[in-house]
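Worksheet: one structure, shown below.
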Amino acid sequence: MRPSAWILILAMALPAAARAAGGRSVLSQLWQRRILSPDKDQYGPTELLLLGRMRRAEAEDACGYLDRRFHNIRAWTVLLRDHKTRRARLVLNKEGFDKYLFLRTQDALAYFQARDVEYKTAFRLSDMAGQPLFDSGGLLTDAGQTVYDRLLARLPVYYRLPDGQVLGNRAPQKAEAPPQEERPGAQAAGALNRSRFRPVTDGPPSEQGRPAPPQAPQGPAEAPAPPDDQD
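Following my numbering, the numbering of the sequence shown begins with 72 at its first residue and continues without gaps.
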């Protein structure tokens with residue numbers, strides 16, 4: 072077999088091997104984090120979505136948040152070792168994420184209640200795209216975490232009440248009024264105003280704008296007198 076053929080076969084095999092290695096790495100994380108039980112070796116979108124949310128929580132210092140609250144988080148974390156860098160880092164397991172999410176939900180509810188949003192109404196809030204901030208179980212959704220994170224960071228963010236009213240940490244921007252010539256009925260109103268305008272004429276102020284007085288009717292013109300008879 073030619074060397075070029077071997078190179079082609081190797082190039083086709085490398086992506087598959089990389090995907091297999093990546094799959095094993097993900098599977099190992101799912102086991103260590105207790106997302107997947109050790110007797111299972113298959114995972115789907117639900118497990119990957121949960122893993123993504125846990126990684127996001129860790130990027131927001133979830134482990135530090137729990138440690139400041141309880142000072143002992145051994146039961147909620149696991150020491151995960153990176154096979155590439157050989158470094159270990161503390162990450163959440165499923166129980167730790169559930170605890171973190173519950174506490175963050177309580178914090179978010181307290182935030183909304185402090186801003187005159189009733190407790191039951193808060194569970195029906197949504198973001199500007201219509202995504203609910205809380206799920207059917209009363210916990211923050213991914214969209215809810217985004218809104219709450221921006222509120223804490225004092226970044227501009229808005230959310231909707233069930234009746235459609237928009238609230239947020241910034242005053243809603245009012246749309247600028249269209250130019251005068253683009254307003255509906257502006258041309259008709261201008262024409263009406265022009266029709267009511269009376270031009271000013273020369274003369275005393277008391278006589279400006281007054282119609283001329285009517286003149287008395289004149290009779291028929293008199294016939295010229297006949298010439299005198301000449302002798």
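Where is the CB? At the ideal position from N, CA and C, for every residue including glycine. All of these numbers come straight from a predicted model, not from anything done at the bench.
With residue i and residue j assumed to form a contact (beta carbons below 8 Å), what rounded beta-carbon distance in angstroms separates them?
{"i": "residue 106", "j": "residue 170", "result": "Contact flag wrong, Cβ pair sits at about 15 Å."}
{"i": "residue 151", "j": "residue 100", "result": "7 Å"}
{"i": "residue 147", "j": "residue 163", "result": "6 Å"}
{"i": "residue 203", "j": "residue 212", "result": "6 Å"}
{"i": "residue 173", "j": "residue 210", "result": "7 Å"}
{"i": "residue 103", "j": "residue 149", "result": "5 Å"}
{"i": "residue 134", "j": "residue 161", "result": "5 Å"}
Is it buried or exposed, residue i, if we count other Cβ atoms within 10 angstroms and call 16 or more buried?
{"i": "residue 270", "result": "Residue placement at residue 270 cannot be trusted, given a pLDDT of 45 that sits under 50; what the coordinates show is reported in the next sentence. The residue in question, residue 270, is exposed, as its Cβ has fewer than 16 Cβ neighbours within 10 Å."}
{"i": "residue 246", "result": "Because residue 246 carries a pLDDT of 46, less than 50, the predicted location of this residue cannot be relied on, and no value is offered for it."}
{"i": "residue 141", "result": "exposed"}
{"i": "residue 219", "result": "buried"}
{"i": "residue 176", "result": "buried"}
{"i": "residue 129", "result": "buried"}
{"i": "residue 167", "result": "buried"}
{"i": "residue 201", "result": "exposed"}
{"i": "residue 235", "result": "exposed"}
{"i": "residue 215", "result": "buried"}
{"i": "residue 159", "result": "exposed"}
{"i": "residue 242", "result": "exposed"}
{"i": "residue 224", "result": "exposed"}
{"i": "residue 185", "result": "exposed"}
{"i": "residue 181", "result": "exposed"}
{"i": "residue 132", "result": "exposed"}
{"i": "residue 272", "result": "Because the pLDDT at residue 272 is just 45, under 50, the model does not fix this residue reliably, and the point stays unresolved."}
Since residue i is in the alpha helix (DSSP H), which residue starts that stretch and which ends it?
{"i": "residue 174", "result": "165-184"}
{"i": "residue 218", "result": "213-223"}
{"i": "residue 226", "result": "It is not in any alpha helix (DSSP H) - residue 226 carries neither H nor E in the DSSP assignment."}
{"i": "residue 137", "result": "133-141"}
{"i": "residue 192", "result": "190-193"}
In terms of residue numbering, what span does the beta strand (DSSP E) encompassing residue i cover?
{"i": "residue 238", "result": "237-239"}
{"i": "residue 126", "result": "Residue 126 -> not in any beta strand (DSSP E); alpha helix (DSSP H) instead, spanning 116-130."}
{"i": "residue 231", "result": "229-231"}
{"i": "residue 150", "result": "148-152"}
Next item on the list: Kindly confirm or deny that the stretch 191-211 and the stretch 222-234 touch, where touching means at least three C-beta pairs closer than 8 Å.
Entry: yes
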